[in-house]
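J.: My questions will all concern the structure given below.
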Amino acid sequence: MKLQQLRYLVEVAKQGLNVSEAAEKLHTSQPGISKQIRLLEDELGIQVFIRNGKRVVSVSEPGKEVLRISERILREAQNLKRVGDEFSRESEGALTIATTHTQARYALPQAIAEFVRRYPKVRLSLKQGSPTQICDMVVSGEADLAVATEGIALYKELATLPCYEWNRSLVVPKDHPLAALERAITLADIAQHPIVTYDFAFAGRSKINKSFADQGLTPNVVLTAIDTDVIKTYVSLGLGIGIIATMAYEPERDANLVAIDASHLFEPSTTKIGIRKDAYLRGFAYTFIELFAPHLHRREVDSALLAHDVDHDDE
2 MKLQQLRYLV
12 EVAKQGLNVS
22 EAAEKLHTSQ
32 PGISKQIRLL
42 EDELGIQVFI
52 RNGKRVVSVS
62 EPGKEVLRIS
72 ERILREAQNL
82 KRVGDEFSRE
92 SEGALTIATT
102 HTQARYALPQ
112 AIAEFVRRYP
122 KVRLSLKQGS
132 PTQICDMVVS
142 GEADLAVATE
152 GIALYKELAT
162 LPCYEWNRSL
172 VVPKDHPLAA
182 LERAITLADI
192 AQHPIVTYDF
202 AFAGRSKINK
212 SFADQGLTPN
222 VVLTAIDTDV
232 IKTYVSLGLG
242 IGIIATMAYE
252 PERDANLVAI
262 DASHLFEPST
272 TKIGIRKDAY
282 LRGFAYTFIE
292 LFAPHLHRRE
302 VDSALLAHDV
312 DHDDE
(Lines of atoms letter the chains of each structure in order from A; the text may use other names.)
(Lines give C-alpha, C1' and ligand atoms only; values in the text may rest on other atoms or scores of the structure.)
Protein backbone atom coordinates (compact mmCIF):
# COMPACT_ATOMS: atom_id res chain seq x y z
CA MET A 2 0.00 0.00 0.00
CA LYS A 3 1.36 3.42 -0.99
CA LEU A 4 0.39 6.97 -0.09
CA GLN A 5 0.25 7.70 -3.80
CA GLN A 6 -2.53 5.13 -4.21
CA LEU A 7 -4.51 6.77 -1.42
CA ARG A 8 -4.05 10.18 -3.07
CA TYR A 9 -5.43 8.74 -6.30
CA LEU A 10 -8.47 7.32 -4.51
CA VAL A 11 -9.26 10.55 -2.71
CA GLU A 12 -8.76 12.74 -5.78
CA VAL A 13 -11.06 10.58 -7.94
CA ALA A 14 -13.75 10.92 -5.27
CA LYS A 15 -13.14 14.67 -5.01
CA GLN A 16 -13.52 15.07 -8.78
CA GLY A 17 -16.95 13.47 -8.77
CA LEU A 18 -15.60 10.03 -9.81
CA ASN A 19 -14.10 11.50 -12.96
CA VAL A 20 -10.75 9.74 -13.41
CA SER A 21 -9.68 12.02 -16.26
CA GLU A 22 -10.11 15.15 -14.17
CA ALA A 23 -8.31 13.51 -11.25
CA ALA A 24 -5.39 12.66 -13.56
CA GLU A 25 -5.26 16.25 -14.77
CA LYS A 26 -5.27 17.61 -11.21
CA LEU A 27 -2.48 15.24 -10.18
CA HIS A 28 -0.48 15.75 -13.40
CA THR A 29 -0.43 12.06 -14.24
CA SER A 30 -2.13 9.68 -16.68
CA GLN A 31 -5.62 8.25 -16.45
CA PRO A 32 -4.41 4.65 -17.09
CA GLY A 33 -1.81 5.08 -14.34
CA ILE A 34 -4.44 6.13 -11.81
CA SER A 35 -6.78 3.31 -12.81
CA LYS A 36 -4.00 0.74 -12.52
CA GLN A 37 -2.88 1.89 -9.08
CA ILE A 38 -6.44 1.95 -7.75
CA ARG A 39 -7.04 -1.60 -8.99
CA LEU A 40 -3.79 -2.75 -7.37
CA LEU A 41 -4.95 -1.24 -4.08
CA GLU A 42 -8.36 -2.85 -4.40
CA ASP A 43 -6.70 -6.22 -5.03
CA GLU A 44 -4.52 -5.76 -1.94
CA LEU A 45 -7.50 -4.81 0.24
CA GLY A 46 -9.69 -7.54 -1.21
CA ILE A 47 -12.61 -5.17 -1.83
CA GLN A 48 -13.95 -3.01 -4.62
CA VAL A 49 -13.71 0.66 -3.63
CA PHE A 50 -15.30 2.00 -6.80
CA ILE A 51 -18.21 0.44 -8.67
CA ARG A 52 -17.67 0.54 -12.42
CA ASN A 53 -19.80 0.32 -15.53
CA GLY A 54 -17.32 -0.82 -18.12
CA LYS A 55 -14.33 1.49 -17.73
CA ARG A 56 -16.36 4.28 -16.12
CA VAL A 57 -16.50 4.76 -12.36
CA VAL A 58 -20.15 5.23 -11.39
CA SER A 59 -20.28 5.09 -7.58
CA VAL A 60 -18.47 4.28 -4.34
CA SER A 61 -19.14 0.92 -2.67
CA GLU A 62 -20.15 0.75 1.00
CA PRO A 63 -16.74 -0.56 2.13
CA GLY A 64 -15.20 1.95 -0.28
CA LYS A 65 -16.76 4.84 1.68
CA GLU A 66 -14.91 3.69 4.79
CA VAL A 67 -11.68 3.25 2.83
CA LEU A 68 -11.99 6.80 1.53
CA ARG A 69 -12.63 8.17 5.01
CA ILE A 70 -9.55 6.43 6.39
CA SER A 71 -7.46 7.41 3.36
CA GLU A 72 -8.32 11.08 3.87
CA ARG A 73 -7.27 10.83 7.51
CA ILE A 74 -3.99 9.08 6.63
CA LEU A 75 -3.16 11.77 4.06
CA ARG A 76 -3.89 14.53 6.57
CA GLU A 77 -1.65 12.86 9.14
CA ALA A 78 1.08 12.47 6.53
CA GLN A 79 0.83 16.20 5.89
CA ASN A 80 1.00 16.82 9.65
CA LEU A 81 4.21 14.75 9.80
CA LYS A 82 5.71 16.92 7.09
CA ARG A 83 4.70 20.05 9.01
CA VAL A 84 6.39 18.73 12.16
CA GLY A 85 9.61 18.34 10.19
CA ASP A 86 9.26 21.77 8.63
CA GLU A 87 8.59 23.33 12.03
CA PHE A 88 12.01 22.38 13.29
CA SER A 89 14.04 22.51 10.09
CA ARG A 90 12.46 25.64 8.52
CA GLU A 91 10.95 27.53 11.43
CA SER A 92 10.22 30.75 9.51
CA GLU A 93 9.44 29.32 6.09
CA GLY A 94 6.40 27.60 4.64
CA ALA A 95 2.87 28.47 3.63
CA LEU A 96 -0.28 29.64 5.37
CA THR A 97 -3.66 29.77 3.64
CA ILE A 98 -6.52 31.77 5.12
CA ALA A 99 -10.07 31.21 3.82
CA THR A 100 -12.44 34.07 4.61
CA THR A 101 -15.36 36.20 3.48
CA HIS A 102 -15.08 39.52 1.66
CA THR A 103 -15.96 41.65 4.69
CA GLN A 104 -13.28 40.02 6.85
CA ALA A 105 -10.68 40.17 4.06
CA ARG A 106 -11.42 43.80 3.25
CA TYR A 107 -11.98 45.32 6.69
CA ALA A 108 -10.87 43.04 9.55
CA LEU A 109 -7.77 41.19 8.38
CA PRO A 110 -5.48 43.75 6.66
CA GLN A 111 -3.68 44.94 9.80
CA ALA A 112 -2.94 41.40 11.01
CA ILE A 113 -1.84 40.33 7.53
CA ALA A 114 0.48 43.32 7.11
CA GLU A 115 2.19 42.64 10.44
CA PHE A 116 2.43 38.91 9.71
CA VAL A 117 4.10 39.52 6.35
CA ARG A 118 6.54 41.89 8.05
CA ARG A 119 7.47 39.25 10.63
CA TYR A 120 7.53 36.26 8.27
CA PRO A 121 8.69 37.44 4.84
CA LYS A 122 9.55 33.89 3.77
CA VAL A 123 6.11 32.44 4.51
CA ARG A 124 3.81 32.28 1.48
CA LEU A 125 0.52 33.75 2.70
CA SER A 126 -2.55 33.05 0.57
CA LEU A 127 -6.04 34.49 0.99
CA LYS A 128 -9.03 32.60 -0.43
CA GLN A 129 -12.48 34.19 -0.45
CA GLY A 130 -15.90 32.59 -0.55
CA SER A 131 -19.16 32.08 1.29
CA PRO A 132 -19.01 30.72 4.86
CA THR A 133 -19.86 27.25 3.57
CA GLN A 134 -17.21 27.41 0.87
CA ILE A 135 -14.45 28.56 3.20
CA CYS A 136 -15.30 25.92 5.82
CA ASP A 137 -15.18 23.27 3.10
CA MET A 138 -11.72 24.56 2.13
CA VAL A 139 -10.42 23.97 5.66
CA VAL A 140 -12.11 20.57 5.98
CA SER A 141 -10.59 19.44 2.66
CA GLY A 142 -7.14 20.80 3.51
CA GLU A 143 -7.14 23.56 0.88
CA ALA A 144 -6.85 26.16 3.65
CA ASP A 145 -5.40 26.16 7.17
CA LEU A 146 -7.80 28.58 8.85
CA ALA A 147 -11.33 29.84 8.22
CA VAL A 148 -12.31 33.33 9.36
CA ALA A 149 -16.03 34.06 9.27
CA THR A 150 -19.09 35.01 11.28
CA GLU A 151 -21.46 32.34 10.02
CA GLY A 152 -21.15 28.61 9.43
CA ILE A 153 -18.05 27.45 11.29
CA ALA A 154 -19.90 26.00 14.30
CA LEU A 155 -21.95 23.81 11.95
CA TYR A 156 -18.88 21.74 10.99
CA LYS A 157 -18.05 19.00 13.48
CA GLU A 158 -14.58 18.68 11.93
CA LEU A 159 -13.67 22.25 12.96
CA ALA A 160 -12.64 23.68 16.31
CA THR A 161 -14.23 27.11 16.78
CA LEU A 162 -12.36 30.04 18.34
CA PRO A 163 -14.30 33.29 19.00
CA CYS A 164 -12.32 36.37 17.89
CA TYR A 165 -14.34 39.55 18.37
CA GLU A 166 -17.89 40.88 18.53
CA TRP A 167 -19.26 43.44 16.11
CA ASN A 168 -22.55 45.06 15.22
CA ARG A 169 -24.18 47.02 12.45
CA SER A 170 -24.74 50.52 11.16
CA LEU A 171 -27.19 51.95 8.70
CA VAL A 172 -25.69 53.83 5.74
CA VAL A 173 -27.74 56.38 3.82
CA PRO A 174 -27.03 59.22 1.36
CA LYS A 175 -26.42 62.58 3.06
CA ASP A 176 -29.75 63.99 1.87
CA HIS A 177 -31.79 60.99 3.05
CA PRO A 178 -34.58 61.74 5.59
CA LEU A 179 -33.12 59.26 8.07
CA ALA A 180 -29.86 61.22 8.13
CA ALA A 181 -31.73 64.13 9.73
CA LEU A 182 -33.30 62.12 12.57
CA GLU A 183 -32.63 63.67 15.95
CA ARG A 184 -33.43 60.51 17.91
CA ALA A 185 -32.25 56.91 17.94
CA ILE A 186 -33.35 55.09 14.81
CA THR A 187 -35.89 52.26 15.16
CA LEU A 188 -36.61 49.12 13.17
CA ALA A 189 -39.94 50.65 12.19
CA ASP A 190 -38.04 53.59 10.67
CA ILE A 191 -35.88 51.21 8.64
CA ALA A 192 -38.82 49.04 7.54
CA GLN A 193 -40.37 52.03 5.75
CA HIS A 194 -37.54 52.11 3.20
CA PRO A 195 -36.09 49.67 0.65
CA ILE A 196 -33.07 47.89 2.13
CA VAL A 197 -29.76 46.78 0.63
CA THR A 198 -27.83 44.33 2.80
CA TYR A 199 -25.89 41.07 2.96
CA ASP A 200 -26.89 37.81 1.37
CA PHE A 201 -28.55 35.50 3.90
CA ALA A 202 -25.47 33.29 4.32
CA PHE A 203 -23.20 36.22 5.18
CA ALA A 204 -22.29 38.52 8.03
CA GLY A 205 -24.97 37.77 10.58
CA ARG A 206 -27.85 38.29 8.15
CA SER A 207 -29.91 35.81 10.21
CA LYS A 208 -29.73 38.19 13.19
CA ILE A 209 -31.00 41.07 11.06
CA ASN A 210 -34.01 39.01 9.99
CA LYS A 211 -34.66 37.87 13.57
CA SER A 212 -34.72 41.43 14.90
CA PHE A 213 -37.38 42.46 12.39
CA ALA A 214 -39.41 39.29 12.98
CA ASP A 215 -39.37 39.84 16.76
CA GLN A 216 -40.96 43.25 16.16
CA GLY A 217 -43.55 41.82 13.76
CA LEU A 218 -41.97 43.74 10.88
CA THR A 219 -41.10 42.59 7.37
CA PRO A 220 -38.01 44.31 5.91
CA ASN A 221 -38.25 45.36 2.27
CA VAL A 222 -34.94 43.91 1.08
CA VAL A 223 -34.54 44.91 -2.58
CA LEU A 224 -30.93 43.79 -3.11
CA THR A 225 -28.51 41.47 -1.36
CA ALA A 226 -24.79 41.15 -1.93
CA ILE A 227 -21.78 39.31 -0.53
CA ASP A 228 -19.59 42.38 -0.90
CA THR A 229 -20.01 45.37 1.44
CA ASP A 230 -18.55 47.73 -1.18
CA VAL A 231 -21.31 46.66 -3.58
CA ILE A 232 -23.92 47.44 -0.92
CA LYS A 233 -22.46 50.92 -0.38
CA THR A 234 -22.31 51.54 -4.14
CA TYR A 235 -26.02 50.85 -4.60
CA VAL A 236 -26.92 52.90 -1.54
CA SER A 237 -25.00 55.80 -3.14
CA LEU A 238 -27.06 55.31 -6.29
CA GLY A 239 -30.29 55.67 -4.31
CA LEU A 240 -31.47 52.07 -4.58
CA GLY A 241 -32.11 51.81 -0.85
CA ILE A 242 -30.64 52.19 2.63
CA GLY A 243 -27.83 49.86 3.63
CA ILE A 244 -27.36 47.68 6.70
CA ILE A 245 -23.67 46.84 6.98
CA ALA A 246 -21.03 45.83 9.51
CA THR A 247 -20.01 48.98 11.38
CA MET A 248 -16.33 48.27 10.70
CA ALA A 249 -17.06 48.51 6.96
CA TYR A 250 -17.92 52.22 7.09
CA GLU A 251 -14.86 54.35 6.29
CA PRO A 252 -15.56 58.07 6.82
CA GLU A 253 -12.98 59.27 4.28
CA ARG A 254 -13.78 56.78 1.51
CA ASP A 255 -17.52 56.88 2.19
CA ALA A 256 -17.79 60.67 2.48
CA ASN A 257 -20.96 60.63 0.33
CA LEU A 258 -22.75 58.48 2.92
CA VAL A 259 -23.84 58.97 6.51
CA ALA A 260 -23.49 56.14 9.03
CA ILE A 261 -26.18 55.74 11.69
CA ASP A 262 -25.49 53.48 14.66
CA ALA A 263 -27.88 50.51 14.74
CA SER A 264 -26.19 48.43 17.44
CA HIS A 265 -29.18 48.89 19.76
CA LEU A 266 -31.43 47.18 17.20
CA PHE A 267 -29.55 43.97 16.51
CA GLU A 268 -27.86 41.27 18.56
CA PRO A 269 -24.07 41.45 18.22
CA SER A 270 -22.36 38.90 15.98
CA THR A 271 -19.11 37.10 16.69
CA THR A 272 -16.38 36.52 14.13
CA LYS A 273 -14.66 33.19 14.64
CA ILE A 274 -11.66 31.22 13.45
CA GLY A 275 -12.19 27.60 12.39
CA ILE A 276 -9.36 25.03 12.42
CA ARG A 277 -9.46 21.34 11.59
CA LYS A 278 -9.50 19.50 14.91
CA ASP A 279 -6.79 17.10 13.74
CA ALA A 280 -4.54 19.80 12.25
CA TYR A 281 -0.92 20.34 13.22
CA LEU A 282 -0.32 24.10 13.25
CA ARG A 283 3.04 25.60 12.45
CA GLY A 284 4.40 28.17 14.91
CA PHE A 285 3.71 31.04 12.52
CA ALA A 286 0.02 30.00 12.32
CA TYR A 287 -0.29 30.57 16.07
CA THR A 288 1.32 33.97 15.58
CA PHE A 289 -1.18 34.92 12.88
CA ILE A 290 -4.10 33.90 15.09
CA GLU A 291 -2.79 36.02 17.94
CA LEU A 292 -2.18 39.00 15.66
CA PHE A 293 -5.81 38.83 14.55
CA ALA A 294 -7.29 38.02 17.97
CA PRO A 295 -4.79 39.03 20.70
CA HIS A 296 -6.62 37.05 23.40
CA LEU A 297 -6.10 33.79 21.49
CA HIS A 298 -2.66 32.74 22.72
CA ARG A 299 -1.19 29.37 21.83
CA ARG A 300 -2.58 27.75 24.98
CA GLU A 301 -6.15 28.81 24.09
CA VAL A 302 -5.81 27.42 20.58
CA ASP A 303 -4.29 24.16 21.82
CA SER A 304 -7.04 23.84 24.45
CA ALA A 305 -9.68 24.04 21.73
CA LEU A 306 -7.90 21.36 19.69
CA LEU A 307 -7.22 19.22 22.78
CA ALA A 308 -10.92 19.28 23.68
CA HIS A 309 -11.51 17.32 20.48
CA ASP A 310 -8.97 14.67 21.48
CA VAL A 311 -10.59 14.28 24.92
CA ASP A 312 -14.03 13.91 23.36
CA HIS A 313 -12.66 11.37 20.91
CA ASP A 314 -11.03 9.31 23.69
CA ASP A 315 -14.30 9.21 25.64
CA GLU A 316 -16.26 7.74 22.73
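The numbering of the sequence shown is the working numbering, which starts it at 2 and goes up by one.
Idealized CB from N, CA, C, for every residue including glycine.
1) Can residue 57 and residue 18 be called in contact, C-beta distance under 7 Å?
2) Using the rule of at least 16 other Cβ atoms within 10 Å of the residue's Cβ for burial, across every protein chain shown, is residue 213 buried or exposed?
3) Touching or not, the segment 32-43 and the segment 96-109, by the rule of three or more beta carbon pairs under 8 Å?
4) Quick one: give me the first and last residue of the alpha helix (DSSP H) that residue 105 is part of.
5) Decide yes or no for the touch test of the segment 249-269 against the segment 180-191: beta carbon pairs closer than 8 Å, at least 3 of them.
6) In whole angstroms, what separates the C-alpha of residue 294 from that of residue 302?
7) When the Cα atoms are used, what is the spatial distance from residue 259 to residue 196?
8) What does the alpha-carbon distance come out to for the pair residue 51 and residue 43?
9) Flag residue 271 as yes when its Cβ comes closer than 6 Å to any non-hydrogen atom of the ligand PLP, and as no otherwise.
10) Whole angstroms are fine: how far does the CA of residue 230 sit from the CA of residue 289?
11) Can you tell me whether residue 121 is helix, strand or coil according to DSSP?
12) Quick one: residues in its chain with C-beta nearer than 8 Å to the C-beta of residue 261, no 5 flanking neighbours on either side, listed in chain order?
13) Give me the Cα-Cα distance between residue 114 and residue 124, rounded to the nearest whole angstrom.
14) Can you check which of these residues, 238, 147 and 74, is closest to residue 109 by C-alpha distance?
15) Rounded to the nearest angstrom, what separates residue 249 and residue 15 at their Cα positions?
16) Would you report the Cα separation of residue 241 and residue 235, rounded to the nearest angstrom?
17) Any idea what DSSP makes of residue 282, helix, strand or coil?
18) Does DSSP put residue 184 in a helix, a strand or coil?
19) In or out: residue 176 buried (at least 16 other Cβ within 10 Å) or exposed?
20) Do the segment 214-225 and the segment 145-160 touch if we need at least three Cβ pairs shorter than 8 Å?
21) By the 10 Å Cβ neighbour count, where 16 or more other Cβ atoms means buried, how is residue 30 classified, buried or exposed?
22) Please work out which residues of its chain come closer than 6 Å, Cβ to Cβ, to residue 45, disregarding the five sequence neighbours upstream and downstream, and give them in chain order.
T.: Taking the structure as given:
1) Against the sequence shown, residue 57 aligns to sequence position 56. Against the sequence shown, residue 18 aligns to sequence position 17. Yes, the Cβ-Cβ distance between residue 57 and residue 18 is below 7 Å.
2) Numbered from 1 along the sequence shown, position 212 holds the residue referred to as residue 213. So residue 213 counts as buried.
3) With a cut-off of 8 Å, the segment 96-109 and the segment 32-43 do not count as touching, because too few Cβ pairs lie within range.
4) On the sequence shown, residue 105 is found 104 positions in, with the first residue counted as 1. Residue 105: not part of any alpha helix (DSSP H); DSSP gives it neither H nor E.
5) With contact defined as three or more Cβ pairs closer than 8 Å, the segment 249-269 and the segment 180-191 are in contact.
6) Taking the sequence shown and counting its residues from 1, the one referred to as residue 294 is at position 293. Taking the sequence shown and counting its residues from 1, the one referred to as residue 302 is at position 301. Approximately 11 Å between the Cα atoms of the pair.
7) By one-based count along the sequence shown, residue 259 stands at place 258. By one-based count along the sequence shown, residue 196 stands at place 195. Those two C-alpha atoms are separated by around 15 Å.
8) The residue labelled residue 51 in the question sits at position 50 within the sequence shown. The residue labelled residue 43 in the question sits at position 42 within the sequence shown. Those two C-alpha atoms are separated by around 14 Å.
9) Here there are no bound small molecules, and the ligand PLP is not part of this structure.
10) Walking along the sequence shown from the start, residue 289 turns up at place 288. Walking along the sequence shown from the start, residue 230 turns up at place 229. Approximately 26 Å between the Cα atoms of the pair.
11) Along the sequence shown, read from residue 1 onward, the residue named residue 121 stands at position 120. DSSP places residue 121 in coil when its eight states are reduced to three.
12) Along the sequence shown, one-based indexing puts residue 261 at 260. Once the five neighbours on either side are set aside, the close Cβ partners of residue 261 are 170, 171, 172, 173, 179, 180, 182 and 186.
13) For this step, residue 114 is matched to residue 113 along the sequence shown. For this step, residue 124 is matched to residue 123 along the sequence shown. For residue 114 and residue 124, the distance between alpha carbons rounds to 13 Å.
14) Your numbering for residue 109 matches position 108 in the sequence shown. The shortest C-alpha separation from residue 109 is found at 147.
15) Taking the sequence shown and counting its residues from 1, the one referred to as residue 249 is at position 248. Taking the sequence shown and counting its residues from 1, the one referred to as residue 15 is at position 14. One alpha carbon belongs to residue 249, the other to residue 15, and they sit about 36 Å apart.
16) The sequence position of residue 241 within the sequence shown is 240, counting from 1. The sequence position of residue 235 within the sequence shown is 234, counting from 1. So the alpha carbons of these two residues sit roughly 7 Å apart.
17) By one-based count along the sequence shown, residue 282 stands at place 281. Reduced to three states, the DSSP call for residue 282 is coil.
18) Working through the sequence shown from its first residue, we reach residue 184 at position 183. Residue 184: coil per DSSP, three-state reduction.
19) The count along the sequence shown starts at 1 and reaches residue 176 at position 175. Counting the other CB atoms within 10 Å of its CB gives residue 176 a total below 16, which places it among the exposed residues.
20) no
21) What you label residue 30 is simply residue 29 of the sequence shown in a count that begins at 1. The residue is exposed, with fewer than 16 neighbouring Cβ atoms inside 10 Å.
22) In the sequence shown, the residue the question calls residue 45 occupies position 44. Once the five neighbours on either side are set aside, residue 45 has no close Cβ partner at all.
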